[in-house]
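Engineer: If you read the sequence shown in UniProt numbering, its first letter stands for residue 1, the second for the next number, and so on. Dumping the structure here so I can ask a few things about it.
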Amino acid sequence: MWKKLIKLVSRKGLKRWVGLVMAVLATVAAVWGPFPTLAADTGGAGLATLSEGAIEVVTKETAQVPVENYKISQGYRFFHPGVDLAAKLGEPVKPVAKGKVILVAYDKWNYGNHIIIDHGGYQSLYGHLSRINVVEGQEVDTETIMGEVGSSGRSTGPHLHLEIREGDKTVNPKSVLDIK
Ligand SMILES: [Zn+2]
């Protein structure tokens, strides 16, 4: 029974907890101001300092993968600070969590049409879009179709480039999302 539990916690559980911890911190940060350290490696330590009430508030609001049908075409590594989710042209793109649009821009040599969402403590970036439906300052939630998968900017085929940023650092989106 213990073996099973440890296995569960170390695999699926960890991702879920990290996501949860981030969501909790984001919520807490939104209420009490920014946290100095909001890293994906908070693990159990960060969790222990949080009250149960705060956790309950955010369980309904866990982070989601922004596209439904996808295949990872490139992972998070040196010189590639995000994940590439290959998907059909026009596939709807939703935010990983609720937040506010802080940037809508076009960048010919890199991200193409892209959006940055602030989640109160961390940001997410969606690149190479073919279409954008949101404007800066707009509030979005997990149901908002912000745009469509495309191949704008430096891209060789339709895919979503997804980055998760904390301050001036990026983190592996896999540490926050259940990406297969
Ligand atoms: Zn990419």
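Backbone N, C-alpha and C define an ideal beta-carbon position, used for all residues, glycine too. Treat the numbers as computed from the prediction; the structure is a model and nothing was measured.
(1) Can you tell me whether P95 is helix, strand or coil according to DSSP?
(2) Pull up the distance between the alpha-carbon of S120 and that of A63, whole angstroms please.
(3) Give a single yes or no on whether V83 has its beta carbon closer than 8 Å to a heavy atom of ligand 1.
(4) Which residues bound the beta strand (DSSP E) around Y126?
(5) How many angstroms separate the CA atom of S175 from the CA atom of Y76?
(6) Assuming V135 and V104 form a contact by the criterion Cβ under 8 Å, report the distance between their Cβ atoms to the nearest whole angstrom.
(7) Is D119 close to ligand 1? I mean its beta-carbon at under 8 Å from any heavy atom of the ligand.
(8) How many angstroms separate the CA atom of W109 from the CA atom of A87?
(9) Leaving out five residues on either side along the sequence, give the residues of the same chain with a beta carbon under 6 Å from the beta carbon of A39.
(10) State the CB to CB distance for the pair L129 and G112, rounded to an integer number of angstroms; the pair is presumed to be in contact (CB under 8 Å).
(11) With a threshold of 7 Å on Cβ separation, who are the neighbours of A80 within its own chain once the five nearest residues in sequence on each side are excluded?
(12) Could you give the first and the last residue of the continuous beta strand (DSSP E) run that contains I117?
(13) Below 6 Å CB to CB, which residues in the same chain sit around S124 once its five sequence neighbours on both sides are set aside?
(14) How should Y70 be labelled, buried or exposed, when 16 other C-beta atoms within 10 angstroms of its C-beta is the threshold for buried?
Structural biologist: So, from the listed chains and residues:
(1) Here P95 sits in coil by DSSP.
(2) It should be noted that the sequence gives Gly, not Ser, for residue 120. Approximately 13 Å, taken between the alpha carbons.
(3) The nearest non-hydrogen atom of ligand 1 is less than 8 Å from the C-beta of V83.
(4) Start and end: 123–132.
(5) Between S175 and Y76, the C-alpha separation is close to 10 Å.
(6) Between V135 and V104, the beta carbon gap of about 6 Å places them in contact (Cβ cut-off 8 Å).
(7) First, the amino acid is wrong: residue 119 is His here, not Asp. Every heavy atom of ligand 1 is 8 Å or more from the Cβ of H119, so no.
(8) Straight across, the Cα-Cα distance linking W109 with A87 is about 21 Å.
(9) Summary for A39: the model assigns pLDDT 37, below 50, so the residue's position carries little reliability; its value from the coordinates is reported in the next sentence. Hits under 6 Å: none found.
(10) L129 to G112, Cβ: 7 Å. Contact.
(11) As written in the sequence, residue 80 is His, which differs from the Ala given in the question. Taking C-beta separations shorter than 7 Å and ignoring five residues to either side along the sequence, the partners of H80 in its chain run Q74, following chain order.
(12) From DSSP, the beta strand (DSSP E) with I117 extends over 112–118.
(13) Cβ neighbours of S124 beyond the five flanking positions: V96, I117, I164.
(14) A buried status is given to Y70, since no fewer than 16 other beta-carbon atoms sit within 10 Å of its beta-carbon.
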